[in-house]
Amino acid sequence: MKKVVRIICIVLCVGLILGLGYIVLRKMKKYPEEIEYSALRAFTDNGMYYARRNMLYFLDSATGESVVVCNKANCKHNTTKCNAYTIDVQPAMLCYGDKIYISEFDSELTFNDDGDAVQKGVAQIREINKDGSGARVLYSADEGAVIGMEMVDGVLYFTTWKYHDGFKLNEYQHDCTLYAYDLRWNRLRTLLSYEGDAEHDNAALYILNNKNKEKLYLTYGYEDSKENWHTILFTYNIKTHADEIVEDDLNTKYGEYFDIISTSSGNYIKTTELDNDVEWSVIYSCDENIQNQKEIFRFVGGSVDCMDGYLYAISTDYNKFFYQCDTGTIYLANTCFTGEGTYISDIYGLDESSDKIYIDGHDYTGMKPGDVITSDQSEQTVTAWTEFRDTYFTKLEDADQNAVAAFDWVKWPEE
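The sequence shown begins at 5 in the working numbering and counts up by one.
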């Protein structure tokens, strides 16, 4: 009897040691401080992942060659069974450690025999190895979509929306939720949620990109029954799980339409102002609480993208410039001065530390802005950032100041 008890005790001790070892190893597992990139394309130290025609590709920055992200033997990469196959829409991808995280959704709208609209769809987040193998689904739903993702110390935080009371044609009451998927424990948790109703219509919950590893910054935007927009800025404390409102209505300050441009270099606000019937986009720098705003430039119409410490402002196909966030240096496209000439390629991403810029390398010789392209002719290409910048752009301080003063589409605040 004593021998049996002794054996049971030994087994229990071994089991306890192994169990504790399993727990300790998982708790001790180190994760990268930063994600490598989160966007429609995902950038790493040695290349770019991108989706095209339902397939995931990797562009090697050393060779300039693109390959399908699939290591399956004898795969022809032309069916849904290919490791590289992706669902139609890819709102976001991020690279973290040795994995890729991709959010996807697709929906199909049909009408039944009674004439009622019926929607079928899928929204999901998948984790895959960088060679396309080992895919697994971390989150899945049959409606809605994943809005944004952020990774902090081995935990994937993401926001989603679903219909409040099932799909109804032309109704947009959304329930929005913040989730956390812990990679150590393979556990999905709901952190907070907002329900849609008549006073919270067409809602969306966004995670802002920031360097703060203690709390997340989020915005919750919605439309009330009088069609007024409201946007709340709040934080979610990762350790205490408490949420705190920073600004209860950003629309009161910035109007109905504004964007928060959140980058690793800081936050910026894009608003619009009318001046003599001309719509200007006004860009402000601000702190993480969207306070201490300072106008840095304004330009007519267009868009602003953030790229590795730069803002890329596009007014027209010819009028565009880079703004270096840390120094305030401005690089104007040479076409700003000519209004014609070599068409500057679309820019996908920038990695200044390795002197790489990812562009559309297709030869569009003979084409002019406004020409209609009936098919996707883009070619994902990588080239040297410094050479590209010095070839197609001119530093503001080195430009013809008389020509710059004559620009009627951009203004910089006087020092």
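Every residue, glycine too, gets a C-beta built ideally from N, C-alpha and C.
Proximity below 7 angstroms, CB of residue i to CB of residue j
i: S285; j: Y272; result: no
i: L98; j: Y89; result: no
i: I211; j: L222; result: yes
i: L354; j: I348; result: no
i: E227; j: N206; result: yes
i: V71; j: L60; result: no
i: N50; j: S137; result: no
i: A208; j: I151; result: yes
i: F341; j: A407; result: yes
i: C329; j: G343; result: no
Whole-Å CB distance - residue i paired with residue j, under 8 angstroms assumed
i: T275; j: Y258; result: 5 angstroms
i: L173; j: A121; result: 4 angstroms
i: Y352; j: R45; result: 6 angstroms
i: Y335; j: R393; result: 6 angstroms
i: E251; j: I236; result: 7 angstroms
For residue i, the nearest candidate out of the options (CA to CA)
i: V156; options: L142, D186, K103; result: D186
i: D279; options: G136, K76, K415, A46; result: K415
i: L142; options: K166, F171, E108; result: E108
i: K217; options: T244, L315, G370, E199; result: T244
i: E383; options: N241, A55, T48; result: A55
i: G158; options: A184, D263, Y53, G119; result: A184
i: E199; options: S229, H168, L209; result: H168
i: K103; options: L160, D312, Q297, E418; result: L160
i: N190; options: M153, D201, R140, T235; result: R140
i: E292; options: A337, S268, T164; result: S268
i: N87; options: N58, D412, A246, P417; result: N58
i: D412; options: E112, V304, G119, K134; result: V304
i: D110; options: D117, A96, A149; result: A149
i: S144; options: F262, M371, I91, Q295; result: I91
i: T194; options: G170, F171, H204, T164; result: T164
i: G332; options: T395, G68, T114, P417; result: P417
i: E69; options: I294, F262, T387, D281; result: T387
i: Q295; options: G270, A409, E154; result: G270
Span separating the alpha-carbon of residue i from that of residue j
i: V126; j: D404; result: 54 angstroms
i: F162; j: I287; result: 27 angstroms
i: G306; j: S319; result: 4 angstroms
i: W389; j: L400; result: 18 angstroms
i: Y322; j: V308; result: 15 angstroms
i: I249; j: K219; result: 12 angstroms
i: G365; j: T385; result: 5 angstroms
i: A66; j: H81; result: 24 angstroms
i: R302; j: E283; result: 10 angstroms
i: K166; j: R188; result: 27 angstroms
i: L29; j: F47; result: Its pLDDT being 44, under 50, L29 is placed unreliably by the model, and the measurement read from it follows with that caveat. Those two C-alpha atoms are separated by around 29 angstroms.
i: K124; j: D359; result: 44 angstroms
i: K85; j: A337; result: 44 angstroms
i: W233; j: T83; result: 43 angstroms
i: D201; j: T398; result: 51 angstroms
i: E391; j: E356; result: 12 angstroms
i: K229; j: E112; result: Note that residue 229 is Ser in the sequence shown here, rather than Lys. The alpha-carbon atoms of S229 and E112 are separated by roughly 28 angstroms.
i: K134; j: G101; result: 10 angstroms
i: D146; j: A96; result: 18 angstroms
i: Y224; j: C310; result: 21 angstroms
i: M52; j: N213; result: 20 angstroms
i: N241; j: I377; result: 47 angstroms
i: D375; j: T339; result: 17 angstroms
i: Q297; j: D380; result: 40 angstroms
i: E260; j: Y327; result: 26 angstroms
i: D350; j: I363; result: 6 angstroms
i: N116; j: F171; result: 14 angstroms
i: L254; j: L182; result: 20 angstroms
i: G119; j: A246; result: 46 angstroms
i: T114; j: H204; result: 27 angstroms
i: A409; j: C79; result: 58 angstroms
i: D402; j: E277; result: 30 angstroms
i: M153; j: L192; result: 14 angstroms
i: F262; j: A77; result: 49 angstroms
Proximity test, residue i beta-carbon vs the ligand COA heavy atom, cut-off 6 angstroms
i: N58; result: As for the ligand COA, it is missing from this structure, which has no ligand bound.
Review point. Do the stretch 127-134 and the stretch 170-179 touch if we need at least three Cβ pairs shorter than 8 angstroms?
Key: no
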